[in-house]
Amino acid sequence: MVSRRERKGLTQRTLRLKADISIVNKKQNVLITFLGNAYHDSRVVNLIDSLSAMNYDVKTISFDWKTEGFKTQIGVTSVYKLDKSKSSVLFYLNFFFLLVKYLLKHKAHYYFAEDIYTLPVVYFFAKKIMQKYFTIAEKFMHTLPD
């Protein structure tokens, strides 16, 4: 005969197991940030493809200022047009403003900062909401010798 206490313990473990399974089955969000056009960088394209193949919901924000006649594209992979012809200070302020606005609007389970320019902003947001963040170097740390 199972005591009341044992039944309660079994029920709580069953509920925890069901909660763990629902978390595993839930598609997790990934946000990749990159100062450059994501479509022109094979590292970012490969990362997007790999994470998508692993069933993650991947969103990307990137910026383009070099491509002639380029216009902002907003979607799963957003590429914003920046203007560097007037002032470098305005360029970085606009970049910072667009990145912060995007990070406030889109929450994720995992954040990837693909370059040094996006790292401080992504680090701040990931720490603020207690999520995991990665840099390009950290993705390959397991391949480095001890």
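Residue numbers for the sequence shown follow the numbering used here, so the first one is -9 and each next one is one higher.
The beta carbon of each residue, even a glycine, is placed where N, CA and C say it ideally should be.
Quantities reported herein were computed from a predicted structural model and do not represent experimental measurements.
(request) State the start and end residues of the unbroken beta strand (DSSP E) segment that holds Lys49. (result) 47 to 54
(request) Identify whether Phe81 lies in helix, strand or coil by the three-state DSSP scheme. (result) helix
(message) Quick check on DSSP: helix, strand or coil for Ile22?
(response) strand
(message) For a test of the three-state rule: what should DSSP assign to Ala28, helix, strand or coil?
(response) helix
(request) Count the C-beta pairs between the region 93 to 105 and the region 15 to 35 that are closer than 8 Å, then say yes if the count reaches three, no if not. (result) yes
(message) What does the alpha-carbon distance come out to for the pair Ile119 and Val48?
(response) 18 Å
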